[in-house]
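Okay, here's the thing in structure tokens:
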């Protein structure tokens, strides 16, 4: 998050979103230290070019792994656990968006079975939309 930016709604209302709500949030700890996190929230249909009408779809959010814990399979293991939770919840499709300037993000998600569905033409952000259907899990 950017310094000075308001706290995103899912974090500002963490309990309502992830504990009592339809979201899911998983963490990894090492000797009590929080080292990684990932979550999903119900997709809010804010991108007009994506049509998920009639589909139970969630948006994968908040994947973060501390730098010293990267490149050891932790992110993939956390994602696998999140996918399992989504399957139990009856989710049909996982959606996410990322950006090419985030090192390794697109390749990581492709290794997890996601495919690119759209890339926005904005020269700075080039928001890359990806999805993974769970019927192949």
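Residue numbers (the numbering used here): 260 to 396.
Note that the Cβ used here is the ideal one computed from N, Cα and C, for glycine as well.
Reducing DSSP to helix, strand and coil, say where residue 352 ends up. strand
Bridge partners - residue 357, DSSP secondary structure assignment: 387
Please work out which residues of its chain come closer than 7 angstroms, Cβ to Cβ, to residue 302, disregarding the five sequence neighbours upstream and downstream, and give them in chain order. The answer, listed in chain order, is 311, 316, 317, 318 and 354.
Alpha carbon of residue 396 to alpha carbon of residue 388, nearest angstrom: Unreliable positioning characterises residue 396 in this predicted model, as indicated by a pLDDT of 49, which lies under 50. The coordinate reading is nonetheless provided below. Each residue's alpha carbon lies about 20 angstroms from the other.
Can you find at least 3 beta carbon pairs, one from the region 341 to 356 and one from the region 291 to 307, that sit closer than 8 angstroms? yes
For residue 269, report the span of its alpha helix (DSSP H) as first-last. 268 to 271
Among 366, 357, 307 and 294, whose alpha-carbon lies nearest the alpha-carbon of residue 320? For residue 320, the nearest C-alpha among the options comes from 357.
Kindly indicate the opening and closing residues of the alpha helix (DSSP H) around residue 288. It is not in any alpha helix (DSSP H) - residue 288 instead sits in the beta strand (DSSP E) that spans 283 to 289.
What do you reckon, are the CB atoms on residue 334 and residue 367 nearer than 8 angstroms? yes
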